[in-house]
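Quick note: the sequence shown uses full-length UniProt numbering, first residue 1, plus one each step.
Here is the structure we will look at, set down as structure tokens.
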Amino acid sequence: MSRATILAYYDAFNRGDIDGMLATLHDDFVHHVNEGSPRMGKQAFADFCRHMAETYSEQLTDMVIFVNEDGTRAAAEFTVNGTYLRNDPGLPEAREQKYVLPAGAFFTLRDGKITRVTTYYNLQDWIRQVSA
């Protein structure tokens, strides 16, 4: 179930289906990001996803998912293939720059739903790519 939940989460991400992503989340959800404060709850995460969809176009490839034996923890490694569409405050100017970035995420699951996502990537590498 846990592997299927993670696959469903990323399948929805690649389709741009925010509601599909939200369907994989537990009501007790927190999103820890690479930079910044955690987002508490599904609504905060939905707002973040809408902002991301307006600002970036991303597809995740080369997905590898690891799940522990009891299905309460998981990790994913993948490649982010993206286009920077609109200016994001505090970041370089958007000019539809392409980028390819290795990334990963860690998950906590309960009752077959995701309670935590922690995402990691190299922000300086992304800045270098979109500033070139």
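No residue lacks a Cβ here, since even glycine has one placed at the ideal position from N, Cα and C.
- request: Go through the segment 24-88 residue by residue and report every complete run of the alpha helix (DSSP H) that reaches 4 residues or more, in order.
  value: Runs of the alpha helix (DSSP H) inside the segment 24-88: 42-55.
- prompt: Is it the case that the Cβ atoms of Thr127 and Tyr9 are separated by a distance below 8 Å?
  reply: Counted from its first residue, the sequence shown places residue 127 at position 127. Counted from its first residue, the sequence shown places residue 9 at position 9. Sequence check: residue 127 is Ile here, not Thr. Cβ atoms of Ile127 and Tyr9: not closer than 8 Å.
message: On the DSSP letters alone, give me the boundaries of the alpha helix (DSSP H) that Leu123 sits inside.
response: Start at 1 with the first residue of the sequence shown, and residue 123 comes out as number 123. In this chain, the alpha helix (DSSP H) harbouring Leu123 covers 123-131.
message: Which complete beta strand (DSSP E) runs does the segment 84-113 hold, if anything under 3 residues is left out?
response: Secondary structure in the segment 84-113: the beta strand (DSSP E) runs of 3 residues or longer, each lying completely within the stretch, are 97-110 in chain order.
message: For a quick check, are the C-beta atoms of Phe66 and Ala75 less than 8 Å apart?
response: Numbered from 1 along the sequence shown, position 66 holds the residue referred to as residue 66. Numbered from 1 along the sequence shown, position 75 holds the residue referred to as residue 75. It is a contact, given that the beta carbons lie within the stated cut-off.
task: Take Asn122 as the anchor and find which of Pro102, Arg110, Gly112, Asp11 has the nearest alpha-carbon.
output: Walking along the sequence shown from the start, residue 122 turns up at place 122. Asn122 has its Cα closest to that of Pro102, out of Pro102, Arg110, Gly112, Asp11.
query: Roughly how many whole angstroms lie between the Cα atoms of Val33 and Thr79?
result: Here the question's residue 33 lines up with position 33 in the sequence shown. Here the question's residue 79 lines up with position 79 in the sequence shown. The straight-line gap separating the alpha-carbon atoms of Val33 and Thr79 is approximately 17 Å.
query: Which value, in whole angstroms, describes the spacing of the CA atoms of Asn81 and Thr55?
result: One-based indexing of the sequence shown puts residue 81 at position 81. One-based indexing of the sequence shown puts residue 55 at position 55. Distance from the CA of Asn81 to the CA of Thr55, rounded to the nearest whole angstrom, comes to 14 Å.
task: Could you tell me the distance, in whole angstroms, from the CA atom of His31 to the CA atom of Pro89?
output: Looking up residue 31 in the sequence shown gives position 31. Looking up residue 89 in the sequence shown gives position 89. Whole-angstrom Cα-Cα distance: 20 Å.
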